[in-house]
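Which chain is which? The protein sequence lines are U and P, in order. In the working numbering, each residue carries its 1-based index in the first sequence increased by 2. In the working numbering, each residue carries its 1-based index in the second sequence increased by 2. The next block holds one structure in the form of structure tokens; read it before the comments.
There are 2 protein chains.
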Amino acid sequence: MAQLMAVGLGQRPADMAVINATLVNVYTGEVLPGQGVATGGERIAYVGPDPSPCIGATTTVVDAGGKYLVPGFIDCHSHLCYLVTPDQFLRYAIPTGTTTIVTETLEIAFPLGMKGVLSYLAALRGQPIKLLATAPVLATPSPVAEAGAYGPREVARLLREPDILGLGETYWAAALNGNQRILDIFSTVLKSGKVLEGHSAGAREHKLQAYMSLGPTSCHESTTAAEALERARVGAWTLIREGSIRRELEEVAAIKDAGIDTRLLCLTTDGVEPPEAVTKGHMDFLVQRAVDLGFPFITAIQMATLNPAQRLRIDHMVGGIAPGRYADMLLLPDIKTIRPRLVISNGRVVARDGKLLAKPRRHRFPQWFHKQFTFAQPKPETFAIPTHNGQPQATVRTIDMVTPLVTREGKATLPVRNGYLQVNGEDNGRLIKAAVVEWKHQPGKVFTTPLRDWGLKRGAAATSAAWEATAIITVGANDTDMALAVSRVMELGGGSVVVVDGRVVAEMPLPIAGIISLESIEEVAASQEKFNHSLHALGVSFPNPHLSLVTLTTGAIPHCRLTESGLVNLRDGKTLGLSVE
Amino acid sequence: MAQLMAVGLGQRPADMAVINATLVNVYTGEVLPGQGVATGGERIAYVGPDPSPCIGATTTVVDAGGKYLVPGFIDCHSHLCYLVTPDQFLRYAIPTGTTTIVTETLEIAFPLGMKGVLSYLAALRGQPIKLLATAPVLATPSPVAEAGAYGPREVARLLREPDILGLGETYWAAALNGNQRILDIFSTVLKSGKVLEGHSAGAREHKLQAYMSLGPTSCHESTTAAEALERARVGAWTLIREGSIRRELEEVAAIKDAGIDTRLLCLTTDGVEPPEAVTKGHMDFLVQRAVDLGFPFITAIQMATLNPAQRLRIDHMVGGIAPGRYADMLLLPDIKTIRPRLVISNGRVVARDGKLLAKPRRHRFPQWFHKQFTFAQPKPETFAIPTHNGQPQATVRTIDMVTPLVTREGKATLPVRNGYLQVNGEDNGRLIKAAVVEWKHQPGKVFTTPLRDWGLKRGAAATSAAWEATAIITVGANDTDMALAVSRVMELGGGSVVVVDGRVVAEMPLPIAGIISLESIEEVAASQEKFNHSLHALGVSFPNPHLSLVTLTTGAIPHCRLTESGLVNLRDGKTLGLSVE
């Protein structure tokens, strides 16, 4: 601290100085030519027209040659505890100018609880850029996972960590359905002064406001400019999403013409899956897209820097180029080209011209992160659906795909043979089966349902990378391949596999907590592509069948979801059996 | 929480509803006609075009008749622990639309330490509006007060209180002079995630930035638009001051034409003394002045609502009209007239048409807040200045008044008689004496100095309401009246008095910690006016001699200050004796 001050006063040479830059001042919205920055260690000591008193013989001087110096980008809502290890993701994120990522940790919390989240923080620390986190609320459609979820005391413990900035996303329906555990957690977080990440997909007017009145102060689920405006008007930080789960920036971009104060608008990915990370990169893509869609340059930059920093209450550390803040800065060639020529993080050059120069730290996970499934592997008959009505047919609930991710509760009248429902290939080939096999709270507990319009004609797929569940999900056109697929996932100690006619045709091992690979991001991307191509070859037409599979258990996407205890209608959170009679 | 949600959902009648309002949305900067608000208890449940589902038989409905509904005003930097009790100040503040005040507590901390601050919070709680506080750093020019000041552990304790939002003002010179105690306190606050209030009066360029690099993220000392712009550019929340200590809004107002993002600009009083509180009011005056000076209406409102709320990281609670926030709202007749017709705080109507409707709570201070001076009263010879050079005259340092508040170190060659310096009336009547009598750390320790251009021709004044010191300050044209003035302050158990020719002609008792009266604000205002008029009659031409007196010990105002140990030059913090030989 005293050293930083000495640099600012010109009494000690800066470690690095950027001179001759056009400064993008996100605080005032000005673009100022002829500026410089001096750093001391990881922090900024001086920014302004005259850094020369801070420059000494030992100072590394970067001549910006008039290029645009902007703060490092912040991804304020991401999912870094999923599919790949942080170091692998950073290899692609850092050269795009991302210098801070805030990640959800729910993926770790479901299998490994509070202890897992605390331990996982070690994988996020000591990296070339800042990786911060939110504490998970553990909202889930699964009755057994909900029953086993922790409460406010554990969240309070997590919030004591300085790199946990608040509570992660809580789906509005889970809160509005009056889950007292969740409301108690909200109270705990509000008392801490840290932030609550909202998630109000599809909520409007009174429901949106009732949810926001509970304490969440953001939403990353606006799909239109009107939805974004409604959220900003109720004081919610409005995170415009452009990532693997959805791309909404183009639809929402019309908000730039509303003439409003844009301080509450942020850009976020909500997570980028490996295949997209290695091809499209990370935050530069979002800012470029915002500029291309007509957002003013300074607004686009603010949406990825100061605005998210203020939203997360870390604006004293990041989000702008100012004394005391971390020296996180990018050089852009011009205001139309959001491709950093130089990325500086914590006062060090970490990437140049798209090439990574810093080495992300590989974390060694403790043995208890390595998933072991100890219950009996399923048999084909595990997925048989008995009926006891004594009739030749039965009418049952189904999960119907509305889009590759959105579902709804459906219905089917199906033949019964030998006391078992006949599902596969029924309704003109539109029906297959989906099942979850719980592995933590009631290991081996299975629920199987008819699934409509998944498109699968042959074979089966299974994954342990289920969202908000401690379960292996499987979908299949026959029970034998489903059993094999689940068994293979168990043998791998976690992973995603595709099986056809008794043969494994694609597999992606995910040994860390059953959700994360230890391979390189390129390998994981290739595995996921192969998984998807295998399913495309089997008739599935979703763009990302892996995503369609893992989300069958989530409470984040409407409307009907699969749990070990039955179907769950997210509107009211009620668990339903198959029988409608 | 569940009840608030039920109101939002229209399942439970709102406690209050405002209908037919023109909503000033500080988040988006929009002014939206035909809006309503519904409340549940102290909080807002709904804001938007259709509050009707929230209105029931038990709802108090306020028809705004199209008037402008704005968030309650926030004074983000004030001094509420001084001269009057909070309830007395609130009688005038509330009708002006102030619904949140953040106060310094240093005035309590100097005499009573951490324990005093914690206890004083009780006087701030349970009031009709929100009174929040900052923890004092105890920066002081006084060597004995500095030696007795607490450290980071006590500050950490204070920061655990939810209504302590961060660290109070720290004068830049105190930090830059390398006081390790202060730097350690800064570290503690930065770790807590709470904010540091800056104070960088007169600092520019490298000194300003070196100071800001230590952690402070605000400054309320800009005297010009250029200074304000320089602060905003380095990411400092720039609090434009209009209060008793200084009025800078007019000078700074030109910043409105700079075309910058104004999110970091706030309005603040930095404290309002009783005579001004009873005549000019509080926050409405500042916002009105900003509007009159040409700030756009919405910007002026944001500077007193959302901006300070974000600065203080309480924007999830106050600063805008949105679900979950406290129901703090004002009805303004039009966008040119910042006179609230109605003030709603915590969901209750607390003032109407300038008339207070809520009753501020009178706090009963514990006995140990009542000041008792136990050391011997001074005699006239206490203020004699011995010299030992054996010459008929001596050259010594003086404190010279540059403005009614700003001082500088001066010099005088004065006659010596019987070994004592002759001061009073020297230099063509420009010189008198000033002295401090320490009462806490080294009770009875006295330092006396010549004081130039105070204007006093006869008599003396004394006060225990010294800024940043545990001392009674006295100034006088003769030693006998000085001794009597100090003695009278001691008899009162604290206060400010004026003495002429052995007779007390004005006195304001301040029995609580030696700095706060238990009388009504009108009585205190009258006492202070009488104190000032008495000094005006004795030749002093400063507008507010009381303020000129109490600030003789402060580190907040340049350049040369009075302590029990000598003069202190604030530039380097060095303590100086009188002798220049």
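C-beta atoms are modelled at their ideal positions from N, C-alpha and C, and glycine is treated no differently.
Chain U within 8 Å of residue i, Cβ atoms only
i	result
P276/P	no
K193/P	yes
G31/P	yes
P15/P	no
V26/P	no
I401/P	no
M7/P	yes
G461/P	no
A135/P	no
G10/P	yes
M3/P	yes
A302/P	no
L572/P	no
L185/P	yes
Closer than 8 Å to chain P by CB, residue i
i	result
D355/U	no
G153/U	no
F544/U	no
P445/U	no
G349/U	no
G115/U	no
P35/U	no
Y328/U	no
M2/U	A question about residue 2/U goes unanswered here, because the residues of chain U that appear run from 3 up to 583.
F188/U	yes
A158/U	no
V20/U	no
N147/U	Note that residue 147/U is Ala in the sequence shown, not Asn. Judged by the 8 Å Cβ criterion, A147/U is not in contact with chain P.
A47/U	yes
G180/U	yes
L118/U	The sequence given here places Gly at residue 118/U; Leu does not occur at that position. It does not: the Cβ of G118/U has no partner Cβ on chain P nearer than 8 Å.
G200/U	no
P298/U	no
P55/U	yes
Span of the beta strand (DSSP E), counted from its first residue to its last, around residue i
i	result
M331/U	M331 to L334
Y70/U	Y70 to P73
A40/P	E32 to G42
D503/P	Where D503/P is concerned, there is no enclosing beta strand (DSSP E), given that its DSSP letter is neither H nor E.
D574/P	Neither: D574/P is in no beta strand (DSSP E) and is coded neither H nor E.
S347/P	L344 to S347
Residue range of the alpha helix (DSSP H) that includes residue i
i	result
N27/P	Note, N27/P: premise wrong, no alpha helix (DSSP H); beta strand (DSSP E) at M18 to N27.
M7/P	A4 to G10
H208/U	E207 to M214
A187/U	Just to set this straight, residue 187/U is Ile in the shown sequence, not Ala. Its alpha helix (DSSP H) spans residues Q182 to S194.
Task: chain P contacts made by the segment 204-236 of chain U, where a contact means CB separation under 9 Å - done: E207, H208, K209, L210, Q211, A212, Y213, M214, S215, L216, G217, P218, T219, L231, E232, A234, R235 and V236
Open item on the list: List, from N- to C-terminal side, the beta strand (DSSP E) runs of 3 residues or more that fit wholly inside the segment 85-149 of chain P.
Closed with: 100-105 and 132-137
Task: Sequence ranges, beta strand (DSSP E) only - wholly within the segment 227-305 of chain P, length at least 3 - done: 239-243 and 267-270
TODO: Jot down the residue ranges of each uninterrupted beta strand (DSSP E) in the segment 392-458 of chain P, minimum 3 residues, whole runs only, in chain order.
DONE: 395-403, 409-419, 433-440 and 448-454
TODO: Check distances from the C-beta atoms of the segment 308-326 of chain U to those of chain P and list, in chain order, the residues that come in under 9 Å.
DONE: L308, Q312, R315, I316, D317, H318, M319, G321, G322, I323, A324, P325 and G326
TODO: Determine contact between the segment 52-59 of chain P and the segment 71-81 of chain P, defined as no fewer than three beta-carbon pairs at a distance below 8 Å.
DONE: no
- [ ] Mind the definition here: the segment 364-373 of chain U touches the segment 152-164 of chain U only if three or more C-beta pairs lie below 8 Å; say whether that holds.
- [x] no
Task: Touch test, the segment 172-186 of chain U against the segment 114-133 of chain U, Cβ-Cβ under 8 Å, three pairs minimum - done: no
TODO: Would you list, in sequence order, the uninterrupted alpha helix (DSSP H) runs of no fewer than 4 residues that lie entirely inside the segment 495-555 of chain U?
DONE: 523-539 and 547-552
TODO: Flag this pair as touching only if the segment 321-331 of chain P and the segment 30-44 of chain P have three or more C-beta atom pairs under 8 Å; answer yes or no.
DONE: yes
Task: Any 3 or more C-beta pairs closer than 8 Å across the segment 520-537 of chain U and the segment 79-98 of chain U - done: yes
Open item on the list: At a CB distance below 7 Å, what residues from the segment 57-82 of chain U approach chain P? Give them in sequence order.
Closed with: none
TODO: Using a Cβ-Cβ cut-off of less than 7 Å, list which residues of the segment 248-269 of chain U approach chain P; keep chain order.
DONE: I262, D263, R265 and L266
Open item on the list: With three or more C-beta pairs closer than 8 Å as the rule, is the segment 558-570 of chain P touching the segment 478-485 of chain P?
Closed with: no
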